[in-house]
Amino acid sequence: MFLGELEKLVLQYLWETESADAKQVFAYFEKSRGGTLNTIQSTLDRLFKKGLLAREKHGHAFQYRAAVDRDVFIGRLITNISSDFGSSGENMLLAAFNSLSNGMDEKQLDELERLIDERRLKANSDRQI
């Protein structure tokens, strides 16, 4: 899935803010990026159509929120990229994690190890059910 620069920024903003309408998003980006309210509204609509945002009508405006958790989204991106560059997607994922881990400090490596252990425990408990 391709995301433009503004789409990435808006998605990041909504992960941090939880929910906002177009005017709130515009006010947040107005000073740093410029642009128009119409541009923000179009960006929000594109993200909604891509399934990345959910929206509810509140009065005359839509209230937007992220429809996908940040970690889930990043996981999907990594999976898509690895499958685009080879038929052995699992090996590509391992290679990517190995490469990424070279730049990690001890704290990050400990967190990665904790997440892997947590995932193993969940997989083992799922098998026992």
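For any residue, its number in the working numbering is found by taking its place in the sequence shown, counting from 1, and adding 643. Note that CB positions come from ideal geometry on N, CA and C, so glycine has one too. Note that the coordinates shown come from a computational prediction; the quantities given were computed from them, not determined experimentally.
Discussion item. Assuming glutamate 699 is part of the beta strand (DSSP E), what are its boundary residues?
Written reply: Residue numbering aside, residue 699 sits at position 56 when the sequence shown is read from its first letter. Residues 696 to 701.
- request: With a threshold of 16 other CB atoms inside 10 Å of the CB of phenylalanine 740, please say whether the residue is buried or exposed.
  value: Position 97 of the sequence shown holds residue 740. With fewer than 16 Cβ atoms within 10 Å of its Cβ, phenylalanine 740 is classed as exposed.
Next item on the list: Just mark valine 653 as buried or exposed, buried being the case when its beta carbon has 16 or more other beta carbons within 10 Å.
Entry: Stepping through the sequence shown from its first residue, residue 653 is reached at position 10. Buried, because 16 or more other Cβ atoms sit within 10 Å of the Cβ of valine 653.
Between which two residues does the beta strand (DSSP E) carrying phenylalanine 705 extend?
Here residue 705 is taken as the residue at index 62 of the sequence shown, counted from 1. Per DSSP, phenylalanine 705 belongs to the beta strand (DSSP E) from 704 to 709.
**Prompt:** Which same chain residues, not among the five before or five after phenylalanine 691, have their C-beta less than 6 Å away from its C-beta?
**Reply:** Here residue 691 is taken as the residue at index 48 of the sequence shown, counted from 1. Counting only Cβ-Cβ distances below 6 Å, and skipping sequence neighbours, we find Arg698.
* **Local conformation of aspartate 714 per DSSP, three classes** => By one-based count along the sequence shown, residue 714 stands at place 71. When DSSP states are grouped into helix, strand and coil, aspartate 714 belongs to the helix group.
Start-to-end residues for the alpha helix (DSSP H) that takes in aspartate 769 | Here residue 769 is taken as the residue at index 126 of the sequence shown, counted from 1. Unbroken alpha helix (DSSP H) run through aspartate 769: 749 to 771.
Practice problem: For my contact list, arginine 713 and leucine 696 are in at a C-beta cut-off of 8 Å; report their separation, rounded to the angstrom. | Solution: Locating residue 713 in the sequence shown gives position 70, where the first residue counts as 1. Locating residue 696 in the sequence shown gives position 53, where the first residue counts as 1. Here arginine 713 is actually not in contact with leucine 696; their C-beta atoms are around 13 Å apart, not less than 8 Å.
*asked:* With DSSP as the reference, identify every bridge partner of alanine 663, one or two as the case may be.
replied: As a first step, residue 663 is located in the sequence shown; it is residue number 20 there, counting from the start. Alanine 663 is bridged to Tyr707.
Notebook entry, point to check: DSSP on threonine 679, reduced to helix/strand/coil?
Noted result: If you number the sequence shown from 1, residue 679 lands on position 36. Threonine 679: coil per DSSP, three-state reduction.
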